[in-house]
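Notes for the one structure printed next.
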Amino acid sequence: MSLITIFITPKGFDRDHIAMIQRNAIRSWKALGNDVDILLIGDDPGVEENAKALDVRYVKDVKRNSSGTPMLDDIFRIAREESDSPLLAYVNADIILKSDFVEISRKIMGQEKEFLLVGQRWDLDVRKDLCFEGDWEKEFDADLAARGRRHPAGGSDYFVYPRNVFTSIPAFAIGRSGWDNWMFYEARLKGWKLINCSKAINIIHQDHDYAHLPNGLPHYRQPESAENVKAAGGKRTIFTLLDCNYELDEAGNILRPAMNKKKVLREMEIFPLVSLKSKVLGDAAFALFHPKKAYSEFRNRSKS
Numbered sequence: 042m043s044l045i046t047i048f049i050t051p052k053g054f055d056r057d058h059i060a061m062i063q064r065n066a067i068r069s070w071k072a073l074g075n076d077v078d079i080l081l082i083g084d085d086p087g088v089e090e091n092a093k094a095l096d097v098r099y100v101k102d103v104k105r106n107s108s109g110t111p112m113l114d115d116i117f118r119i120a121r122e123e124s125d126s127p128l129l130a131y132v133n134a135d136i137i138l139k140s141d142f143v144e145i146s147r148k149i150m151g152q153e154k155e156f157l158l159v160g161q162r163w164d165l166d167v168r169k170d171l172c173f174e175g176d177w178e179k180e181f182d183a184d185l186a187a188r189g190r191r192h193p194a195g196g197s198d199y200f201v202y203p204r205n206v207f208t209s210i211p212a213f214a215i216g217r218s219g220w221d222n223w224m225f226y227e228a229r230l231k232g233w234k235l236i237n238c239s240k241a242i243n244i245i246h247q248d249h250d251y252a253h254l255p256n257g258l259p260h261y262r263q264p265e266s267a268e269n270v271k272a273a274g275g276k277r278t279i280f281t282l283l284d285c286n287y288e289l290d291e292a293g294n295i296l297r298p299a300m301n302k303k304k305v306l307r308e309m310e311i312f313p314l315v316s317l318k319s320k321v322l323g324d325a326a327f328a329l330f331h332p333k334k335a336y337s338e339f340r341n342r343s344k345s
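Shown next as structure tokens:
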């Protein structure tokens with residue numbers, strides 16, 4: 042039995058650059074060894090063929106919405122049913138992982154029962170097939186130090202959790218905004234530890250364009266993103282890394298985050314939502330902290 046099952050519905054492999062960075066990502070996961078099981082889900086072009094070529098597990102059928110986009114609730118269901126790993130991990134298909142991903146996941150699993158591991162990424166322009174043999178991590182770290190760019194803190198490209206949590210999620214469209222923010226919100230709402238692992242886990246995102254999306258628009262500008270936010274329960278569920286109530290230091294120790302002014306104000310704002318579990322009071326707190334935005338939302342609702 043593996044420690045972690047990494048699951049993903051990749052983009053189609055019919056565009057050369059997308060195909061290359063996805064193969065790079067999956068090969069980096071395989072380089073983590075027997076601790077990791079890998080499951081590709083979906084029948085987009087080239088997924089089955091590449092699953093076979095890369096020697097990873099594959100499930101063809103996945104529920105899709107009317108636009109043909111795979112649905113996240115079904116992806117999570119399939120991953121749970123097709124694995125027996127104590128940890129599950131949704132990782133974006135363009136993300137390169139290193140051994141710290143497994144080491145930290147194992148350490149936290151030994152300490153906590155209910156948690157969600159998330160974190161920032163590094164961005165890197167990758168234009169070739171990468172080698173994941175020998176002392177590849179050391180060589181890769183040198184390249185990352187020379188050319189890598191720290192992505193602004195916001196969302197996360199990986200979500201690691203025990204299989205006893207997130208047993209039910211809303212019907213989100215994959216590859217659109219909103220669902221990842223809801224994962225943060227749900228962890229805080231349920232009282233699970235939401236742990237920012239940015240200092241302890243270094244993941245690498247390979248740059249790409251958005252030509253694979255309708256009209257070439259980023260995921261956050263897609264109409265399905267608005268549907269995701271609605272399915273999540275509205276704009277108050279848009280949580281980010283700022284909303285993590287725990288973080289790891291470089292050694293992987295669990296700490297409370299620094300309570301600077303921004304963090305204190307944010308915790309005060311979301312207290313009615315995550316502690317009192319009241320959306321009405323959550324709306325009131327939002328209006329108190331963001332009166333102009335609240336008034337704009339009210340005007341927009343009145344017009345619709």
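Count along the sequence shown from 1, then add 41; that gives the number in the numbering used here.
Positions of the beta carbon are idealized from the N, C-alpha and C atoms, including for glycine.
Is the beta carbon of residue i sitting closer than 7 Å to the one on residue j?
i, j, result
"G293", "I49", "no"
"P313", "L322", "yes"
"C285", "N237", "yes"
"I79", "V97", "yes"
"R204", "L129", "yes"
"V103", "D114", "no"
"W223", "A273", "yes"
"F181", "I242", "no"
"D166", "D248", "yes"
"W233", "V270", "no"
"P51", "V88", "yes"
"L296", "E288", "yes"
"F200", "Y131", "yes"
"K101", "D84", "yes"
"I210", "F280", "no"
"V315", "L185", "no"
Let me know if residue i comes out buried or exposed under the rule of 16 or more other beta-carbons within 10 Å of its beta-carbon.
i, result
"G175", "exposed"
"L306", "exposed"
"M300", "exposed"
"R340", "exposed"
"K226", "Checking the sequence, you will find Tyr at residue 226 rather than Lys. Buried, by the Cβ-count rule."
"R69", "According to the sequence provided, residue 69 is Ser. The question's Arg does not apply to it. Buried: at least 16 other Cβ atoms inside 10 Å."
"G216", "buried"
"L329", "exposed"
"N133", "buried"
"T278", "buried"
"L81", "buried"
"P193", "exposed"
"T208", "exposed"
"S140", "exposed"
"Y202", "buried"
"S73", "The question names Ser, but residue 73 in the sequence shown is Leu. It is buried - the Cβ of L73 has at least 16 other Cβ atoms within 10 Å."
"M42", "exposed"
"D170", "exposed"
"G275", "exposed"
"S218", "buried"
"G196", "buried"
Under the assumption that residue i contacts residue j (Cβ atoms under 8 Å), give the Cβ distance between them as a whole number of angstroms.
i, j, result
"W220", "R190", "About 25 Å separates the two Cβ atoms, so there is no contact after all."
"N91", "F54", "5 Å"
"E310", "A326", "5 Å"
"I136", "A66", "5 Å"
"A214", "E268", "7 Å"
"E265", "S108", "6 Å"
"L348", "R56", "Because the chain is modelled from 42 through 345, residue 348 falls outside the range shown and cannot be assessed."
"R121", "L44", "With a Cβ gap of about 16 Å, R121 and L44 do not count as contacting."
"I244", "D198", "6 Å"
"P127", "M150", "6 Å"
I want to see whether chain D comes within less than 7 Å of residue i, judged by CB atoms only; does it?
i, result
"K104", "No chain D appears in the structure shown, which is made up of a single protein chain."
Residue ranges of each beta strand (DSSP E) run of no fewer than 3 residues wholly in the segment 284–332, ordered along the chain? 287–289
Checklist entry - Do the segment 150–166 and the segment 225–245 touch if we need at least three Cβ pairs shorter than 8 Å? => result yes
Exercise. Whole beta strand (DSSP E) runs in the segment 105–132 with 3 or more residues, listed along the chain?
Worked result: 128–132
- Message: Report the start-end ranges of each alpha helix (DSSP H) in the segment 191–249 that is 4 residues or longer and not cut off at the edges.
- Response: 220–231
Whole alpha helix (DSSP H) elements within the segment 129–169, 4-residue minimum: 140–150
*Report the residue ranges of all alpha helix (DSSP H) runs contained in full by the segment 55–84; include only those spanning at least 4 residues, in chain order.*
57–71
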